[in-house]
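To keep things clear, I will list the structure first and then write my remarks on it.
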Amino acid sequence: MTFKTIPAAVFAAALSFTAMLTAAQAETLVISNWDGYMPKDMAEKFKAATGIDLEIAVHATNEEIMGKVTASGGEGFDVLFVSSPFAEALNNLGLAAPIDHSKIPNMANLYPEAMQLKHDPGNTFSVPYTWGTTGLCYRSDLIKTAPSSWNDLLKPAEDIKGKVTMLSTDRWLMAAGFLANGMSVNTTEQASLDKVRDQLVETKRALLSYDDTTFYSKLVSGEASLVQAWDGWCNYGIAEKPEIKYVIPKEGSDLWVDSIVVMKASKNPDAVHKFIDFVLNAENGKWVVENIMYKSPNKAGMEAVDKAMLEKYPNMAIAPADLLKYEQLRDLGEGMKAFSKTVSEIMAAK
Amino acid sequence: MAPGLLWLTALMIVPCLLIFVLAFYERGIYGGIDWNAPTLGNFRRAADYLYVSIFLDSARIAAITTAIALLIGYPAAFAISRAPARWQTSLLFLAILPFWTNYLIRTYAWIVLLNPVGLINSALIGIGATIAPLPLLYNEFAVILGLVYSYTPFVVLAIYSSLQRLDPSYAEASRDLGASALTTFLRITLPLTAAGVAAGAVFVFVLSIGNFVTPDLLGGGKLQMIGNLIYDQFLTARDWPFGATLSGLLIALMMLALAFQAMAARHAGGGHA
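Line order of the protein sequences matches chains A and B.
Numbering-wise (my numbering), the first sequence opens with residue 13 and increments by one.
Numbering-wise (my numbering), the second sequence opens with residue 1236 and increments by one.
Here it is, written out as structure tokens:
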């Protein structure tokens, strides 16, 4: 051990200690997923179908689980549910295992488009679980002109000033500015960052708040009239108040994908593939749509959903081919520093 | 090793050292830490005007909070210490009662009260006191209100314990010698309880400057305090080394405040503290 690696080793040891307490034993898979992002009885059903035990941990954010697994060198978990830029980072860090399609017959349940995602064409290290768009969610009864452009959010009209929220998660906050300017949602070039920063600082003065957890309830209560929203979360608002509508601005959206990643450190490759196959069955695909109100890349699952639901929540009916027109958020790599400094500048601005 | 020392080492000193060590490395390209190149770059970066101004702004908000908490907390503690002895325990108990509820729930309760369609604004509009809702939430006012609300009980406790230890014969002597109640308070009681004031002030200042939940919820994310910046470095930018640098600087600032308080305690409290 060289001097340089000592801090690394001490650090990893200290942090992986907790992970090891829940580490995989034989025929027990350790999954980490967002709370409520799969059926509550998943473990029982999977055990009944395969005899394999599931231990389900939850993470609140992508960053939280990334922190845990990068600190422990990937030990401690067999399968993670993360958003696609993080799946990409896990793969780039060498922590993700290749997916063996021959062991996952239910992969055939996916739309062909779900095999063509830019971050991982052919699903070599990740399997898409949900996907959707980011757009504008608004109260059609509280707003004079229905929004159609990102500029309707960034330069809100007089009647909705102070009644607008934007997502606080950095990538989507900036994406609104990038898309309004016809830029890539993965821009890291300084001049573009500065331009978008100036715009978003200006917008900040007209915002009610930054919010990525309760924006739809602000619409329901009437605190807000227009919010930047993920389509699925806008559906939570629509469920409570039919006057709430969702629109993808004319400049487009990002395509977000939440995916399943197998950890290279997993000692149960067969069980892991059985688990993914199980998740990809039509029943679980349908559960996602009906309970999380997200679109599923699972064709069999989508087709099993009651058609009335697609009418009530029109964004559920967006065709996979249309989704694929939008650019995905990618891991920014070297560009992350400049990007996050720009975000801090916006956040600190008065 | 004594168990207490072991406890302190494992749970306090080792984590702080880890943070200290991390501060001298760079973020890896995909997050994590690049252990190959020790650097002072994070400290240079922290000296950037942007981050310095966030530090100063947080200190300003924490200072305002501290001042208000003292203005509310001192009279409250004074009143409790003058109340009949059999009531004092109950009154102190009432002061700390809010701590029995989760911090987040108490913060959300303020959102229910303050939001544009919330209880206070609805009532004001209902009685015709205002036409448009007042901007009570998602601004600095709301953040300071939330911090004062959360941390004033600490001031009450600290100052109360100082007042308890104060020998009443000093004030009596002052009154006997002809000093007014105000003069007695300003020249006898206040200086002799300065240790309690300092302890309470440091509590509030240190807790406020590092807080990130209140700016996030009551400030609507529009207010960036140093706690939010650190949180973002660890959990959004995944730049642990820079987050560690900022944490280290914040810890240093807090140590400074504590050292100041210890000095004040020795200086002012004398044999009474």
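Note that beta-carbon positions come from the ideal geometry of N, C-alpha and C, so glycine has one too.
Residues that residue i contacts on chain B, provided the C-beta gap is smaller than 8 Å
i: A/K216; result: K1457
i: A/S233; result: N1350, V1352
i: A/E75; result: F1469, L1470, T1471, R1473
i: A/S95; result: Ordered by position in chain B, no residue passes the 8 Å Cβ test against A/S95, which lies about 13 Å from the chain.
i: A/D182; result: D1467, T1471, A1472
i: A/S352; result: D1467, Q1468, T1471, A1472, D1474
Residue i vs residue j beta-carbon contact at 8 Å
i: A/G347; j: A/T177; result: no
i: A/V259; j: A/L148; result: yes
i: A/L102; j: A/V273; result: yes
i: A/T145; j: A/L267; result: yes
i: A/V232; j: A/K253; result: yes
i: A/N310; j: A/L292; result: yes
i: B/A1377; j: B/L1453; result: yes
i: B/A1297; j: B/I1444; result: yes
i: B/I1423; j: B/S1409; result: yes
i: A/L41; j: A/I64; result: yes
i: A/N104; j: A/I68; result: no
i: A/T82; j: B/G1478; result: no
i: A/K262; j: A/S160; result: yes
i: A/M314; j: A/G297; result: yes
Proximal chain B residues relative to residue i, where beta-carbon distance stays under 7 Å
i: A/S364; result: The question about residue 364 of chain A has no answer, for chain A in this structure spans 13 to 362.
i: A/A360; result: L1285, S1288, I1289, Q1459
i: A/L154; result: Under the 7 Å cutoff, chain B gives no residues; its nearest Cβ is about 11 Å from A/L154.
i: A/M388; result: With chain A covering 13 to 362 only, the question about residue 388 of chain A has no answer from this structure.
i: A/L105; result: Y1265, G1267
i: A/G249; result: In chain order: nothing, as chain B lies at least about 15 Å away.
i: A/A316; result: Near A/A316 there are no residues of chain B at all, since even the closest Cβ is about 36 Å away, more than 7 Å.
i: A/T82; result: G1266, G1267
i: A/A101; result: Y1265, G1266
i: A/M348; result: A1472
Nearest-angstrom Cβ-Cβ length linking residue i and residue j, presumed shorter than 8 Å
i: A/P110; j: A/F137; result: 6 Å
i: B/N1446; j: B/G1431; result: Actually they are not in contact, since the Cβ atoms of B/N1446 and B/G1431 sit about 23 Å apart, beyond 8 Å.
i: A/D224; j: A/S180; result: 5 Å
N-terminal and C-terminal residue of the alpha helix (DSSP H) that residue i is part of
i: A/K262; result: Premise fails: A/K262 is in no alpha helix (DSSP H) and is neither H nor E.
i: A/H71; result: Careful: A/H71 lies outside any alpha helix (DSSP H), inside the beta strand (DSSP E) at 65-71.
i: A/S204; result: 202-216
i: A/M305; result: That residue, A/M305, is in no alpha helix (DSSP H); it is neither H nor E in DSSP.
i: B/L1481; result: 1475-1499
i: A/M348; result: 348-360
i: A/T82; result: 74-83
i: B/P1238; result: 1238-1243
i: B/R1279; result: 1276-1281
i: A/G313; result: 311-316
i: A/V291; result: 281-291
i: B/I1254; result: 1249-1257
i: A/M321; result: 319-324
i: B/N1356; result: 1354-1361
i: A/T59; result: Checking the sequence, you will find Lys at residue 59 of chain A rather than Thr. First-last of the alpha helix (DSSP H) with A/K59: 54-62.
Residue i - containing beta strand (DSSP E), residue span
i: A/T225; result: That residue, A/T225, is in no beta strand (DSSP E); it is neither H nor E in DSSP.
i: A/W46; result: 40-46
i: A/A241; result: 238-242
i: A/F93; result: 91-95
Contacts that residue i makes with chain A (C-beta to C-beta distance below 7 Å)
i: B/L1181; result: Outside the shown range of chain B, which is 1236 to 1508, sits residue 1181 of chain B, and nothing can be said about it.
Interface partners of residue i on chain B, CB under 9 Å
i: A/T200; result: The premise fails here: A/T200 is roughly 12 Å from chain B at the closest Cβ pair, so nothing lies under 9 Å.
i: A/G345; result: I1264, Y1265
Original post:
At which residue ranges does the segment 114-182 of chain A contain complete alpha helix (DSSP H) runs of 4 or more residues, listed in the order of the chain?
Top reply: Whole alpha helix (DSSP H) segments, 4+ residues: 162-166.
Original post:
Going along the chain, which unbroken runs of the alpha helix (DSSP H) with 4 or more residues stay wholly within the segment 1383-1460 of chain B?
Top reply: 1403-1411, 1416-1419, 1429-1444, 1448-1452
**OP:** Can you check the segment 1285-1338 of chain B for any alpha helix (DSSP H) of at least 4 residues that lies completely inside it and give the ranges in chain order?
**Re:** DSSP runs (the alpha helix (DSSP H)) wholly in the segment 1285-1338 of chain B: 1320-1331.
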